[in-house]
Amino acid sequence: MNAIARPDSASDPVFGKPDERELRDRMKRDLPADTFKAQTWRVVWFLPMQLIIWGGIAAILVLDLPWYANMGLALLVGHTLGCQGLLAHEVLHGALGMSRRWQNLFGWLGFGPFLVPPEFWRKWHNVVHHGNTNAGDVDPDSFGTLRRYRTDPKQKKFTRLAPGGGTWFSYLFLTYSFTFHAQLVLWFQARRRKQFKGFDRRKAIRQSVICLGLWVALAVISGPLAVFTVLVPFMAANALAQAYILTNHFLRPQTPTNNPLDNSMSLRTLPVLDRLHFRFSHHVEHHFFPKMPSTMAPRVRQWLETHEGDRYMAMPHGRALAMLYSTPRVYKTPTQLVDPNNPQRVFDLLPLQAEYAASNR
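To convert, take the position in the sequence shown, counting from 1, and add 576; that gives our numbering.
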């Protein structure tokens, strides 16, 4: 179990150990050198994914298929769009090497459908999120602390949209929230947060609007079939991305140092899905080594399970999603979640560490 480190006050202990640099150095020393070598050849996966996406849309538009066949194709297109985004995430971290221009090209393929320009993603995700993971109210991908909602009570309504919000519409959150949250970060957080200083927000907004225009154009061309060429693929792609992203950090404590063992969580999912989804389930591993190809992440997982089994946490994917919907989203303390609309509803995160640590498998 992790040590208590640097408490903010006697009543708010802070979870974690500040040994992330030591752990990285040990893993680099112990693991084969090719673990951290860029794998440019893996961009070939964009070709079959593009063929599936455009082939599926074309089939829906020209083959006059029954609705259930169109629905199957729409889900396939949406799933493939989500997979592209997961691979583009690696590309924009540099895990596949290449020049910045080439990275941006594949970044557009992966994130353009989500209305997220590559340079915006780099700043938002690579810099601000990775640099401030689960840190108070600083991480743009967190619902933050109770202090934020006491300062601005109107924000309490927003938490009712999210998993754990206790409303029927919270169950739709995964189907749109990656794109929705990206726009909130772009239009509001990037304007006022100092972490985005120097970022060309206006350019990113223009690019995002162009991406939206392409979706609208496809919808106009599709007519009533836009349900299958636009709506269902968009929802499926968002749901796939968020089924991983939301479970990576929302069930972990806030920490004083940026230690992935303490503020992040990996998942255990079906092997075939793990490969189709470019091992995005290995998220603690990714936060330790953002530029490492995901094909090498199982080596890091094995090392962490062997050497840090009491601290390394990888929950079954289905269980993580269920927990997401049964727990609140705001931090009352670094180790407790609370519903700002119902302050009596509090969830302690620490027992999850003991239950799902690798040493207890």
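All residues carry an ideal CB built from backbone N, CA and C; glycine is no exception.
query                                                                                                                                                              : result
Expressed to the nearest angstrom, what Euclidean distance is found between the alpha-carbon atoms of residue 911 and residue 631?                                 : 47 Å
Using 8 Å as the Cβ pair cut-off and three pairs as the minimum, do the stretch 601-608 and the stretch 636-655 touch?                                             : no
Starting from residue 838 and walking both ways along the beta strand (DSSP E), at which residues does that stretch end?                                           : Careful: residue 838 lies outside any beta strand (DSSP E), inside the alpha helix (DSSP H) at 836-839.
Residue 758 and residue 749 - do their beta-carbons sit closer together than 8 Å?                                                                                  : no
Please go through the stretch 743-819 and give each complete alpha helix (DSSP H) segment of 4 or more residues, from N-terminal end onward.                       : 753-760, 777-798
Considering residue 913, what are the terminal residues of the beta strand (DSSP E) in which it resides?                                                           : 912-915
In the structure shown, what three-state DSSP assignment does residue 736 receive?                                                                                 : helix
Leaving out five residues on either side along the sequence, give the residues of the same chain with a beta carbon under 8 Å from the beta carbon of residue 780. : 693, 695, 696, 762, 766
Taking Cβ positions, are residue 917 and residue 773 nearer each other than 8 Å?                                                                                   : no
Let me know the alpha helix (DSSP H) ranges lying completely inside the stretch 876-906, each 4 residues or longer, listed in chain order.                         : 893-902
Is it right to say residue 920 is buried, meaning 16 or more other beta carbons lie within 10 angstroms of its own, or is it exposed?                              : exposed
At which residues does the alpha helix (DSSP H) containing residue 622 begin and terminate?                                                                        : 622-638
Judging by CA-CA distance, which residue of 593, 722, 654 is the nearest neighbour of residue 905?                                                                 : 722
Just mark residue 915 as buried or exposed, buried being the case when its beta carbon has 16 or more other beta carbons within 10 Å.                              : buried
Suppose you measure from the CA of residue 581 to the CA of residue 833; what does that come to, to the nearest Å?                                                 : In this prediction, residue 581 has a pLDDT of 38, which is less than 50 and means its spatial position is unreliable; what the coordinates show is noted afterwards. Cα to Cα, residue 581 sits roughly 9 Å from residue 833.
Apart from the five residues on each side of it in sequence, which residues of its chain come closer than 6 Å, Cβ to Cβ, to residue 907?                           : 721, 830
How far does the alpha helix (DSSP H) with residue 844 in it reach, from first residue to last?                                                                    : Careful: residue 844 lies outside any alpha helix (DSSP H), inside the beta strand (DSSP E) at 842-844.
Taking its Cβ as the centre, do 16 or more other Cβ atoms sit within 10 Å of residue 929, making it buried, or is it exposed?                                      : buried
Just the C-alpha distance for residue 641 and residue 719, rounded to the nearest angstrom, thanks.                                                                : 43 Å
Taking 8 Å as the threshold (C-beta atoms), are residue 672 and residue 618 in contact?                                                                            : yes
Cutting at 7 Å between CB atoms, please list the residues of its own chain near residue 826, excluding the five before and the five after it.                      : 900, 905
Under 8 Å by Cβ, that's how I've got residue 710 and residue 828 pegged, so tell me the actual separation to the nearest angstrom.                                 : 6 Å
Out of 676, 682, 652, which one is the CA nearest neighbour of residue 662?                                                                                        : 682
Helix or strand or just coil, what does DSSP make of residue 717?                                                                                                  : coil
Flag this pair as touching only if the stretch 841-858 and the stretch 874-889 have three or more C-beta atom pairs under 8 Å; answer yes or no.                   : yes
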